[in-house]
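Report on one structure; see the data block that follows.
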Amino acid sequence: MATTEPSAAPRPPDAGAAPLLEVDDLHVEFRTRDGVAKAVNGVSYTLSEGETLAVLGESGSGKSVTAQAIMGILDTPPGYVTGGAVRFRGQDLLQLPEEERRAYRGRSVAMIFQDALSSLNPVFPVGWQIAEMFRVHEGLSKKDARARTVDLMDQVRIPAARERVNDYPHQFSGGMRQRIMIAMSIALDPDVLIADEPTTALDVTVQAQIMNLLADLQRERNMGMILITHDLGVVADVADTIEVMYSGRIMEQASVHDIYGAPAHPYTEGLLRSIPRVDLKGQELSAIKGLPPNLSRIPEGCEFRPRCPYAQQICHDTRPPLLEIAPGRFSACHFAQEVLEGDFDNAEQ
Amino acid sequence: MTSTTPSSDAVLDVQNLVKHFPLTTGIVFKRHVGSVQAVDGVSFELRKGETLGVVGESGCGKSTLAKLLMRLEEPTSGRVMYNGENIYDLRGKALREMRRKIQIVFQDPYSSLNPRMTVGDIVGEPYEIHPEAAPKGQRRAKVQELLDIVGLNPEHINRYPHQFSGGQRQRIGIARGLALRPDVIICDEPVSALDVSVQAQVVNLLESLQDEFGLSYIFIAHDLSVVRHISDRVAVMYLGRVAEIGSDAQIYEKPTHPYTQALLSAVPVPDPSVRGQRQQILLSGDVPSPASPPSGCRFRTRCWKATDLCAEQTPELVVRPGSDHESACHYADVREDVVVHH
Chain A
374 MATTEPSAAP RPPDAGAAPL LEVDDLHVEF RTRDGVAKAV NGVSYTLSEG
424 ETLAVLGESG SGKSVTAQAI MGILDTPPGY VTGGAVRFRG QDLLQLPEEE
474 RRAYRGRSVA MIFQDALSSL NPVFPVGWQI AEMFRVHEGL SKKDARARTV
524 DLMDQVRIPA ARERVNDYPH QFSGGMRQRI MIAMSIALDP DVLIADEPTT
574 ALDVTVQAQI MNLLADLQRE RNMGMILITH DLGVVADVAD TIEVMYSGRI
624 MEQASVHDIY GAPAHPYTEG LLRSIPRVDL KGQELSAIKG LPPNLSRIPE
674 GCEFRPRCPY AQQICHDTRP PLLEIAPGRF SACHFAQEVL EGDFDNAEQ
Chain B
22 MTSTTPSSDA VLDVQNLVKH FPLTTGIVFK RHVGSVQAVD GVSFELRKGE
72 TLGVVGESGC GKSTLAKLLM RLEEPTSGRV MYNGENIYDL RGKALREMRR
122 KIQIVFQDPY SSLNPRMTVG DIVGEPYEIH PEAAPKGQRR AKVQELLDIV
172 GLNPEHINRY PHQFSGGQRQ RIGIARGLAL RPDVIICDEP VSALDVSVQA
222 QVVNLLESLQ DEFGLSYIFI AHDLSVVRHI SDRVAVMYLG RVAEIGSDAQ
272 IYEKPTHPYT QALLSAVPVP DPSVRGQRQQ ILLSGDVPSP ASPPSGCRFR
322 TRCWKATDLC AEQTPELVVR PGSDHESACH YADVREDVVV HH
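Protein chains in written order, with the numbering used here: chain A, 374 to 722; chain B, 22 to 363.
Here you go:
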């Protein structure tokens, strides 16, 4: 667990080399009437400038909760950060009082949500909502804020921005609404952009437009991007590094080419195998059996054990830590080497 | 429009189906000011034991099509022939019989199951409406058998939907669809609400049920890779019309309609090694409103091949020269570079 750093002297000696964003052993739990659900259990990752880090996982894996904790928008109660640190250029955001933390939100770390329609206020014109970023954070006059807004809407490629600035959210299509959300998130030129399932609600041709826009904006501004998704296709297209989350923990961490080339965790392997493939048409899809665990009753030992085809006694007795198994590759599996080298498959045949 | 002669093994023969929803203005004196052309001249046939995939984006009319095939909506014109009879002409006993034989599985396993009913009541409800399908004394046993068939524990018959996960709920919906031993099941986005690892389980279940009971599926989805996996033939819809129809290999490997090509090229490929190698066609703009669709070809406003001809003449869905399947494009042309085989 990270030690508390006094906010007066937040910078470690090598402050210049401090990573853009560092999540260190983060723990989040939800205290509900039915018990404590441990949503995030020791997640650590690092993001650099210009990097795209994909957090891959299914519902309930803790991927969105991690993002909310980074942004400091966790619903408290019932959600509580119970340990760990979120360092932005060395400064632990979790230690800051709310007042100071607000300065980081939007300006240093910004976020795009999945459902653009419910994230926008239906009773205000979109231009007003985007301009609010400038009025509130930069104290611009209404007129200046409006000019910046039209400019921003152009940048996210909303056609006829000048005419549409007074339109309401319901007058835009799903893809255009997501562009408005993107405009709001990049308004203050953040260093880190967290995109939480930005295209899940969109059609595939619109998804392609939005992902292209995000990639261009990221390149122009050299932002670090955390892309939260369950879509293995989108991840393969844009990510540099992947964190595979399951049951609130990182199961595997590696570069995108390593993971898709040869996964080193049975869960990643199962996910990749469950994608329908052309050459396997007519055969059964290889599904991961069973269900993700209930977060208030996470099994002993390895969380994935009840669904794992390779589980042994040791998986029941000891929870495997996330260990480096090859340069730059991490896996939380007792048999990571065997999975990586496909030894289990050979044994089965 | 041409109606194809149904082959003998066609279960459903859809002929030039049209559904326009009227748009009115005024409260007391309603005036027609136009119509939303949700489905506008769709023809295809569904053969026995096959799966016809229907793909298309939101607003293309695929869900209206599902409702029409269930006769939950009456069409503006057109016919759906089932067992040699138009389902929209059926009445009384014959209509009840048809309703038994065509069933549906919905997208959202959360809102399509009544939270106050037990699983036994949900799966057994079709027997209340069609008591001839199962005598009262045998219903419970039948429901338990159905639960077993879809891979649920028959002992959970008294549980409520909230006690099940999303994938299990979708199994409950499938069990309900199977209760009356239908010929055709319309699957309206059956796996899109599910997680990847659970999706595969449900797709496998649907495939094994098809083999076991000789079902024909209409599989409506927007996930092109799942559709390819499960379908024998695929219809691509755009703004209420079929743009292209053919076998899965014809559509996915040799698409001829520009919309199909754009759609396929937009699908992210789960293989980072092909990044940057594939040809991506980025469509500009949005789908036009079905209340005022473009004249002629409906895709022409977003098409890079469009000419005056496309605005003047509606392209028929016919087999085009140089290709072996039907495509509704004046300039249909096989293009293989949009699909990456992995």
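Quick reminder that beta carbons are idealized off the backbone N, C-alpha and C, glycines included.
With contacts defined as CB atoms closer than 8 Å, B/Val257 and B/Ala264 qualify as a contacting pair. For A/Pro694, the closest alpha carbon among the candidates A/Arg702, A/His707 and A/Tyr619 is that of A/His707.
What A/Thr578 touches in chain B, judged by beta-carbon distance under 7 Å, is Glu78, Ala283, Leu284, Ala287 and Leu304, going in chain order. In the DSSP assignment, A/Tyr418 falls within the unbroken beta strand (DSSP E) covering Gly408 to Leu420. The continuous stretches of alpha helix (DSSP H) do not include A/Glu697, which lies in the beta strand (DSSP E) extending over residues Leu696 to Ala699. Against chain A, the CB of B/Pro291 has a partner CB under 8 Å away; the residue lies at that interface. Residue range Pro279 to Ala287 is occupied by the alpha helix (DSSP H) that includes B/Ser286.
Neighbours of B/Ala242 in chain A, taken as residues whose beta carbon is under 7 Å from its own, are absent, since the nearest beta carbon is some 11 Å off. Taking a Cβ-Cβ threshold of 7 Å, the residues of chain B close to A/Gly643 are Ser218, in chain order. The beta carbon of B/Gln301 lies closer than 6 Å to those of Ser286 in the same chain, with the five residues before and after it left out.
Setting aside the 5 residues that flank it on each side, A/Asp610 is surrounded in the same chain by Met584, each with a C-beta closer than 8 Å to its C-beta; the list follows chain order. Nearest to A/Leu490 by alpha-carbon distance, out of A/Leu653, A/Tyr619, A/Ile555 and A/Pro532, is A/Ile555. Comparing alpha carbon positions, the residue from A/Asp576, A/Ala534 and A/Ala410 closest to A/Glu402 is A/Ala410. Annotated three-state conformation of A/Ile648 is coil, per DSSP. For the options A/Val438, A/Gln551 and A/Ile661, the alpha carbon positioned closest to that of A/Ile485 is the one of A/Gln551. Using a C-beta cut-off of 8 Å, the stretch 116 to 123 of chain B makes no contact with the stretch 169 to 177 of chain B, since fewer than three inter-stretch Cβ pairs fall below that distance. In the structure shown, A/Asp690 adopts helical secondary structure according to DSSP, grouped into three states.
In this structure, the beta-carbon distance from B/Val39 to B/Val54 does not fall below 8 Å.
Taking a 10 Å sphere around the C-beta of A/Glu616, we find 16 or more other C-beta atoms and assign the residue as buried. Residues of chain B whose Cβ lies closer than 8 Å to the Cβ of A/Gln582 are, in chain order, Leu303 and Leu304. Annotation note: the stretch 609 to 639 of chain A contains the following uninterrupted beta strand (DSSP E) runs of length 3 or greater, listed N- to C-terminal: 614 to 619 and 622 to 628. Look at B/Gln191 here: in three-state DSSP terms it is helix.
At least one C-beta of chain B is nearer than 8 Å to the C-beta of A/Ala660. Contact annotation for A/Ser647 against chain B: Val217, Ser218, Gln220 and Ala221 [CB-CB distance below 8 Å, chain order]. Residue environment: B/Asn225 is assigned as buried (16 or more neighbouring CB atoms within 10 Å of its CB, all protein chains considered). Note that the C-beta distance between B/Val359 and B/Glu347 is not below 8 Å. A direct Cα-to-Cα measurement between B/Ile143 and B/Ala87 gives close to 21 Å. Straight across, the Cα-Cα distance linking B/Val57 with B/Pro311 is about 5 Å. Listed in chain order, the beta strand (DSSP E) runs fully inside the stretch 188 to 245 of chain B are 205 to 209 and 237 to 242, counting runs of at least 3 residues.
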